[in-house]
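Each residue of the sequence shown is one higher than the one before, counting from 889 in my numbering.
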Amino acid sequence: MIDITGLSKRYGATAALHDVTLRVEPKERMVICGHSGCGKTTLLRLIAGLDTPDGGEIHLNRQLASNATTAVAPARRNIAMVFQDLALWPHLSVAQNIAFGLERVISDRNARRDEVANILQLLRLEGKAASAPSELSGGEQQRVALGRAIIRRPSILLMDEPLAHVDDELRDALTHLMLDLQARFGMTLVYVTHDRDLAARMAGSQAFMSHGRIERVERSHA
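In structure tokens, the structure reads:
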């Protein structure tokens, strides 16, 4: 569960968020939709612990994660985030990218290797394990970033518009894959986008943002 109350954030003279309140239930699919600069990425970064709010609170699974004076470290939030630029390590192979940081969760080397093999199979990347990111197609790079995010079994998956620059056919295929993995692993998903058509296709709850505020929330009845 993500419980956000009265959240505000400024960057110098610019107010990025104003009194934002939002609740995302366990295993819910929440799409935050709004124009560029509306504050949706700032909100995602605050949930992840990459920034600290100036006011308000964030509770994760009923535990205080952030306020103006307290911040649980990102690594302790059981959250994974996929960035718009994917942030893959160019000097690491596909398997190494997916396994990055996994030793903090699984100490046994053989168990880590088996888990990476499982994720590669789920993502249909078995034949690309030794490839560099530069040798992959755009869709394959997207799947590597998703694999790196889910391999540690986070309770919350945050996605900062990673499908913004792919064609419609690939976007549909990756959206179906992402939603299948979310259901398979029982994650809470928060996805930000400016694309209202994509938000509708994801068939989840939607929060609409403008000028640093949430204007309305529409809950899924699925």
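Glycine included, every Cβ here is placed at the ideal spot set by N, Cα and C.
Inter-residue Cα distance where the pair is residue i and residue j
{"i": "H1053", "j": "K928", "result": "18 Å"}
{"i": "D942", "j": "G894", "result": "10 Å"}
{"i": "S981", "j": "R1000", "result": "15 Å"}
{"i": "L974", "j": "L1058", "result": "16 Å"}
{"i": "T1063", "j": "R965", "result": "25 Å"}
{"i": "A956", "j": "S995", "result": "35 Å"}
{"i": "L990", "j": "I935", "result": "22 Å"}
{"i": "M1090", "j": "A1020", "result": "30 Å"}
{"i": "L931", "j": "S896", "result": "9 Å"}
{"i": "V970", "j": "T1076", "result": "14 Å"}
{"i": "L1013", "j": "E1028", "result": "8 Å"}
Buried versus exposed call for residue i [16 or more other C-beta atoms within 10 Å across all chains shown]
{"i": "T884", "result": "Residue 884 is absent from the model: the chain starts at 889 and stops at 1110."}
{"i": "R997", "result": "exposed"}
{"i": "S1093", "result": "buried"}
{"i": "N985", "result": "buried"}
{"i": "G1035", "result": "buried"}
{"i": "P978", "result": "exposed"}
{"i": "Q1009", "result": "exposed"}
{"i": "G944", "result": "buried"}
{"i": "A987", "result": "buried"}
{"i": "V993", "result": "exposed"}
{"i": "P1011", "result": "Just to set this straight, residue 1011 is Leu in the shown sequence, not Pro. Buried."}
{"i": "L1051", "result": "buried"}
Start-to-end residues for the alpha helix (DSSP H) that takes in residue i
{"i": "K915", "result": "Neither: K915 is in no alpha helix (DSSP H) and is coded neither H nor E."}
{"i": "H1064", "result": "D1056 to F1073"}
Residue closest to residue i, alpha-carbon to alpha-carbon, out of the options
{"i": "H1047", "options": "R1031, E1057 and P978", "result": "First, the amino acid is wrong: residue 1047 is Met here, not His. Closest option to M1047, Cα to Cα, is R1031."}
{"i": "I890", "options": "M918, T940, R1084 and A1087", "result": "M918"}
{"i": "G925", "options": "T940, L1051 and A904", "result": "A904"}
{"i": "D1060", "options": "P962, F1073 and L1086", "result": "L1086"}
{"i": "N1006", "options": "Q1029, L1051 and L1069", "result": "L1069"}
{"i": "H923", "options": "P914, F1096 and I967", "result": "F1096"}
{"i": "I892", "options": "R933, V1004, T902 and D1002", "result": "R933"}
{"i": "I967", "options": "I1039, D1002 and V1004", "result": "I1039"}
Endpoints, the beta strand (DSSP E) within which residue i is located
{"i": "E1003", "result": "Note, E1003: premise wrong, no beta strand (DSSP E); alpha helix (DSSP H) at R997 to L1010."}
{"i": "V1080", "result": "T1076 to T1081"}
Quiz item: Using 8 Å as the threshold, is the region 1020 to 1030 in touch with the region 939 to 953, meaning 3 or more CB pairs across them?
Solution: no
Quiz item: Between the region 903 to 921 and the region 1095 to 1108, do three or more beta carbon pairs fall short of 8 Å?
Solution: Touching, per the Cβ criterion.
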